[in-house]
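Trainee:
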Amino acid sequence: MGHIGIAGNEAADRAAKRASEKSAIDIHLGTPLRSLKTTLRRILLSEWQSTWDNDGTKGRFTHNILRDVKTSRCIDNIYLSQILTNHGLYPHYLKRFNLRNCNCRCGKDMQDGILHYFFVCPLFHHIRTNIQHDTPVTKIISTPKLATEAKTILKEIYMHQQDVFEFFV
């Protein structure tokens, strides 16, 4: 008679039978999987932050803007990515990677890269109405009006390269 007809006991019997047919023994650890994932995530973020902080050669421009690593941050706009990395259609970048030999036609580009066009270049003074020389890049990318102005400047650079750059052979 025993376990017959008692749902909980019958379920236990079936589980015991399945366990006896396995070639390996299931071990249940005291730490839930969710806790392990959380701990692993914390360790990986800490390692990533350490690498980000201590790599003295790569990504320093971006590191000065975004000091903390985050998995939630996603920049999905080509122009905003260029602002954050200082990589794009700018003499400083083009020369650094031997892509083109050129200067800004204004004659004031002193290795400023993208910041030259946002803060100094007289060719874009008519567009640059809200971005001031002391505006932090973090504010430019996080304030919609400033981000739009910055993107407009970058679009102008791309559309009017021949007017913006003086090319050398």
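Under our numbering, the first residue of the sequence shown is numbered 952, with each subsequent residue one higher. Backbone N, C-alpha and C fix where the C-beta goes; we use that ideal spot for every residue, glycine too. As the structure is a computational prediction, the values presented were derived from the model and not from experiment.
1. With which residues is PHE1116 paired in a DSSP beta bridge?
2. How about TYR1044 and HIS1038: do their beta carbons lie closer than 9 Å?
3. For CYS1053 versus PRO1073, is the C-beta distance shorter than 9 Å?
4. With DSSP run on the structure shown, which of helix, strand or coil describes ALA1101?
5. Could you pull the start and end residues of the alpha helix (DSSP H) that ASP1004 belongs to?
6. Taking 8 Å as the threshold, find out whether the stretch 993-1004 comes into contact with the stretch 1074-1092 through three or more Cβ pairs.
7. Helix, strand or coil for LYS1048? Go by DSSP, reduced to three states.
8. For LEU995, count neighbouring Cβ atoms within 10 angstroms of its own Cβ and tell me buried if that reaches 16, exposed if not.
9. Between the Cα of LYS1102 and the Cα atoms of TYR1068, PHE1119 and GLN1112, which residue gives the shortest distance?
Mentor: Once the coordinates are examined:
1. CYS1055.
2. It is a contact, given that the beta carbons lie within the stated cut-off.
3. Taking 9 Å as the Cβ cut-off, CYS1053 and PRO1073 do not qualify as a contacting pair.
4. Three-state DSSP puts ALA1101 in a helix.
5. Taken as a continuous stretch (DSSP letters only), the alpha helix (DSSP H) holding ASP1004 covers 984-1005.
6. Output reads no: the stretch 1074-1092 does not touch the stretch 993-1004.
7. According to the sequence as given, residue 1048 is Phe; it is not Lys. Here PHE1048 sits in coil by DSSP.
8. By the Cβ neighbour-count rule, LEU995 is exposed, with fewer than 16 other Cβ atoms within 10 Å of its own.
9. With distances taken between Cα atoms, LYS1102 lies closest to TYR1068.
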